[in-house]
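Data first, discussion second: the structure below is written as structure tokens.
There are 2 protein chains.
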Amino acid sequence: MHTRRRYHHGDLRAALLTRAEETLREKGPTALSLRELARDLGVSHAAPSRHFKDKQALLDALALTGFDRLDERMSASLKEAGESFAERMKAAARAYVDFATANAELLDLMYSIKHDPKASEELIAASQRWTRQTLNLIAEGQRRGEVREGPLERVGIGVFSTLHGYATLAASDSLPPDVRAEGLDELVAYILRGCAPEKPRQTA
Amino acid sequence: MHTRRRYHHGDLRAALLTRAEETLREKGPTALSLRELARDLGVSHAAPSRHFKDKQALLDALALTGFDRLDERMSASLKEAGESFAERMKAAARAYVDFATANAELLDLMYSIKHDPKASEELIAASQRWTRQTLNLIAEGQRRGEVREGPLERVGIGVFSTLHGYATLAASDSLPPDVRAEGLDELVAYILRGCAPEKPRQTA
DNA sequence: ACCTGAACACCGTTCAAGT
DNA sequence: ACCTGAACACCGTTCAAGT
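Here the protein sequences come in this chain order: A and B.
One point on numbering: in the UniProt record's numbering, the residue at position 66 of the first sequence is 66, and numbering is uninterrupted.
One point on numbering: in the UniProt record's numbering, the residue at position 4 of the second sequence is 4, and numbering is uninterrupted.
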């Protein structure tokens, strides 16, 4: 009972997710098939159904890990950032854009699921948690007097749209190549202007 | 020769695209199959291959019609708008968001193709044409002195990201429901602040 | 509990053949 | 030119049966 080996090498569920992400990254979403996944891992084609009731369930779970990692990266990036709203905004933007470019296909998956009327509850919750994390940043800035006043949704929607749009465009290679690297500083400056207090106060 | 009827009812290619968009809208992208399309139109399952070399080619063509219609809507909306940058920006934003919410799945398709290394040249061109159209708006604003100076890419990237992000989020129902309708005005105001001239001059 | 093997209904793609 | 019908290799899903 001690060295109890299952048929498979321990945790098929985790192995499926890992391998699925690899092939998603390497061959794109249309090339991802349950049967090939099973073949790659040396199990029968019916084995995955023990852990995911169907293909969509696996995709949902994969998207969920994406949101989890995005949250982590964001938190880590913010932990190392300074106190000012400008610095925290920049840290958040960098974290998002880095994640988006490094996981373009996964990001697509994370957001493409919403159209599904019967989308996973868990997944919607994860997406909203991520939105919240960004809006909290704005609230912080408001408390520091570095962001204009007003209901969080009204003030935050522009900022969130900008971040999401830039990350998405960067991920899908839809940005002019020269803008990518230095573009982030310009983007953050633009965001700051957009949500600056109505009557800017002096820094000291 | 005059009332020459083909096997099919005239233009299978166009019929395939029309029907494909319908099922994309109604049943989502994964439910779209060439064989079902052919069945719906009363032709054999091999008939589509005369007009599209494979499924991807049909999807590319469909995405292309999306960009064409987006361009049209945008142009029409701008034609009815006033002269000021603020009004033109608002018209553009409304056109984009309207299109995005009315054609959510199609918009997804239009942008999800980029990851493909061998993506259709035509499609990339259409996407860039659309980006250009938005950037032209910024250039116009610069000429009128209502947008800050600087290279178009630097100034325009934020605006374009904001528009694209908002439209995408709206399309995927990722926006808090209360923001959608009146949110557009707030969004445009945010954009205008972000690209206002460094030293705002008086209106008269 | 976890997996197998066979079965079913569906795909996309190709190709000789028909009109 | 445009389409058919059969064939091929692949899917996702289900389910009795094995260990």
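Ideal Cβ positions, reconstructed from N, Cα and C, are used throughout, including at glycine.
Exposure label - Pro48 (chain B); buried when at least 16 CB within 10 Å
Counting from 1 along the second sequence, the entry for residue 48 (chain B) is found at position 48. Buried, because 16 or more other Cβ atoms sit within 10 Å of the Cβ of Pro48 (chain B).
Anything in chain B within Cβ reach of Tyr96 (chain A), meaning under 9 Å, just list it in chain order.
What you label residue 96 (chain A) is simply residue 96 of the first sequence in a count that begins at 1. In chain order: nothing, as chain B lies at least about 11 Å away.
Counting beta carbon pairs with one atom in the stretch 13-25 of chain B and one in the stretch 187-198 of chain A, are three or more of them shorter than 8 Å?
no
For the candidate residues A:Glu83, A:Lys114, A:Glu105, A:Arg50, whose alpha-carbon lies nearest to that of Ser172 (chain B)?
For the purposes of this step, residue 172 (chain B) is taken as residue 172 along the second sequence, with counting starting at 1. Selected option, being the one with the closest Cα: A:Lys114.
Quick check on DSSP: helix, strand or coil for Gly158 (chain A)?
The sequence position of residue 158 (chain A) within the first sequence is 158, counting from 1. DSSP, read as helix, strand or coil, puts Gly158 (chain A) in helix.
Could you check what DSSP says for Leu32 (chain A) in three-state terms: helix, strand or coil?
Here residue 32 (chain A) refers to the residue found at position 32 when the first sequence is read from its first residue. In this structure, Leu32 (chain A) counts as coil in the three-state DSSP scheme.
Does chain A have any CB closer than 8 Å to the CB of Asp60 (chain B)?
As a working note, residue 60 (chain B) is residue 60 in the second sequence. No, no contact with chain A.
Counting only Cβ pairs nearer than 9 Å, list the residues of chain B close to Ile157 (chain A).
Here residue 157 (chain A) refers to the residue found at position 157 of the first sequence. In chain order: Tyr166, Leu169, Leu175, Pro176, Val179, Gly183, Glu186, Leu187, Tyr190.
Per-residue DSSP class, three states only, for Phe52 (chain A)
Translated into the one-based positions of the first sequence, residue 52 (chain A) becomes position 52. In the structure shown, Phe52 (chain A) sits in coil (DSSP, three-state: anything other than H, G, I, E or B).
Could you spell out the range, first to last residue, of the alpha helix (DSSP H) harbouring Ile124 (chain B)?
Numbered from its first residue, the second sequence carries residue 124 (chain B) at position 124. Taken as a continuous stretch (DSSP letters only), the alpha helix (DSSP H) holding Ile124 (chain B) covers 121-143.
Ala86 (chain B) in three-state terms, based on DSSP:
Locating residue 86 (chain B) in the second sequence gives position 86, counting from the first residue. Three-state DSSP puts Ala86 (chain B) in a helix.
Would Gly194 (chain A) count as contacting chain B if we go by Cβ distances under 8 Å?
Reading the first sequence from its first residue, position 194 is the one you call residue 194 (chain A). Taking Cβ atoms only, chain B reaches closer than 8 Å to Gly194 (chain A), which makes this a yes.
Presumed contact (8 Å Cβ cut-off) between residue 260 (chain A) and Ala100 (chain A), rounded CB distance
Residue coverage of chain A in this structure runs from 1 to 204, which leaves residue 260 (chain A) outside it and unanswerable.
For Arg154 (chain A), which residues in chain B fall below 7 Å Cβ to Cβ?
Position 154 of the first sequence holds residue 154 (chain A). Neighbours of Arg154 (chain A) on chain B, chain order: Glu186.
Residues of the stretch 25-44 of chain A with Cβ closer than 9 Å to any Cβ of chain B, in chain order
Gly28, Pro29, Thr30
Going by C-alpha distance, which of A:Glu80, A:Tyr111, A:Leu59 is nearest Arg13 (chain A)?
Within the first sequence, residue 13 (chain A) is the residue found at index 13, counting from 1. The residue with the shortest Cα to Cα distance from Arg13 (chain A) is A:Leu59.
Under 8 Å between C-beta atoms of Met110 (chain B) and Ala63 (chain B)
Position 110 of the second sequence, counted from the start, is the residue given in the question as residue 110 (chain B). Position 63 of the second sequence, counted from the start, is the residue given in the question as residue 63 (chain B). In contact: Met110 (chain B) and Ala63 (chain B) (Cβ atoms closer than 8 Å).
Identify whether Gly165 (chain A) lies in helix, strand or coil by the three-state DSSP scheme.
For the purposes of this step, residue 165 (chain A) is taken as the residue at position 165 of the first sequence. Gly165 (chain A) falls in the helix class under three-state DSSP.
Go ahead and label Asp108 (chain A) buried or exposed: buried means 16 or more other beta carbons lie within 10 angstroms of its beta carbon, across all protein chains shown.
The residue given as residue 108 (chain A) occupies position 108 in the first sequence. Answer is buried; the Cβ neighbour count reaches 16.
Quick one: Cα of Glu105 (chain B) to Cα of Arg19 (chain B), how far?
For this step, residue 105 (chain B) is matched to residue 105 along the second sequence. For this step, residue 19 (chain B) is matched to residue 19 along the second sequence. Computed Cα separation, rounded: 14 Å.
So, helix, strand or coil for Lys114 (chain B), using DSSP?
Start at 1 with the first residue of the second sequence, and residue 114 (chain B) comes out as number 114. Correct three-state label for Lys114 (chain B): coil.
Among the residues of its own chain, which have a CB less than 6 Å from the CB of His45 (chain A), if the five just before and after it don't count?
For the purposes of this step, residue 45 (chain A) is identified with residue 45 of the first sequence, where counting begins at 1. Excluding positions up to five away in sequence, the list reads Arg35, Ala38.
So, under 8 Å CB-CB, Thr162 (chain B) and Gly165 (chain A) are touching, yes? Tell me the CB distance rounded to an integer number of Å.
Taking the first residue of the second sequence as 1, we reach residue 162 (chain B) at position 162. Taking the first residue of the first sequence as 1, we reach residue 165 (chain A) at position 165. The pair is a contact, with the Cβ atoms about 6 Å apart (cut-off 8 Å).
Check whether the Cβ of Ser172 (chain A) lies closer than 8 Å to any Cβ atom in chain B.
By one-based count along the first sequence, residue 172 (chain A) stands at place 172. By this cut-off, Ser172 (chain A) is an interface position.
In terms of residues, what are the limits of the alpha helix (DSSP H) holding Glu26 (chain A)?
Mapped onto the first sequence, residue 26 (chain A) falls at position 26. From DSSP, the alpha helix (DSSP H) with Glu26 (chain A) extends over 12-27.
Helix, strand or coil: how does DSSP classify Ala61 (chain A) here?
Numbered from its first residue, the first sequence carries residue 61 (chain A) at position 61. Reduced to three states, the DSSP call for Ala61 (chain A) is helix.
When DSSP labels each residue in this structure, what does Val43 (chain A) get in the three-state scheme?
On the first sequence, position 43 is the one that residue 43 (chain A) refers to. It is coil, neither helix nor strand.
So that I know if they touch, is there some Cβ in chain A lying closer than 8 Å to that of residue 214 (chain B)?
Examination of residue 214 (chain B) is not possible in this model, given that chain B is present from 1 through 204 alone.
If you draw a straight line from the C-alpha of Cys195 (chain A) to the C-alpha of Ser112 (chain A), how long is it?
One-based indexing of the first sequence puts residue 195 (chain A) at position 195. One-based indexing of the first sequence puts residue 112 (chain A) at position 112. Straight-line Cα distance between these residues: approximately 29 Å.
Per-residue burial, Glu146 (chain B) [other beta carbons within 10 Å of its own, 16 or more giving buried]
Within the second sequence, numbered from 1, the residue matching residue 146 (chain B) stands at position 146. Its Cβ being crowded by 16 or more others within 10 Å, Glu146 (chain B) is buried.
Spatial distance of residue 243 (chain A) from Leu184 (chain A) (CA atoms):
Residue 243 (chain A) lies beyond the range of chain A shown here (1 to 204); nothing can be said about it.
Minimum Cβ-Cβ distance from Ser161 (chain B) to chain A less than 8 Å:
Reading the second sequence from its first residue, position 161 is the one you call residue 161 (chain B). With 8 Å as the cut-off, Ser161 (chain B) counts as an interface residue toward chain A.
What's the C-alpha gap between Ala91 (chain A) and Asp11 (chain B)?
As a position in the first sequence, residue 91 (chain A) is number 91, starting the count at 1. As a position in the second sequence, residue 11 (chain B) is number 11, starting the count at 1. Whole-angstrom Cα-Cα distance: 54 Å.
Looking only at C-alpha atoms, which of A:Ser120, A:Arg144, A:Leu17 sits nearest to Glu87 (chain A)?
As a working note, residue 87 (chain A) is residue 87 in the first sequence. Answer by Cα proximity: A:Arg144.
Using a Cβ-Cβ cut-off of less than 8 Å, list which residues of the stretch 117-150 of chain A approach chain B; keep chain order.
Ser127, Thr131
Can you have a look at Gln128 (chain B) and say buried or exposed, based on whether 16 or more other CB atoms are within 10 angstroms of its CB?
Against the second sequence, residue 128 (chain B) aligns to sequence position 128. Exposed, since its Cβ has fewer than 16 Cβ neighbours within 10 Å.
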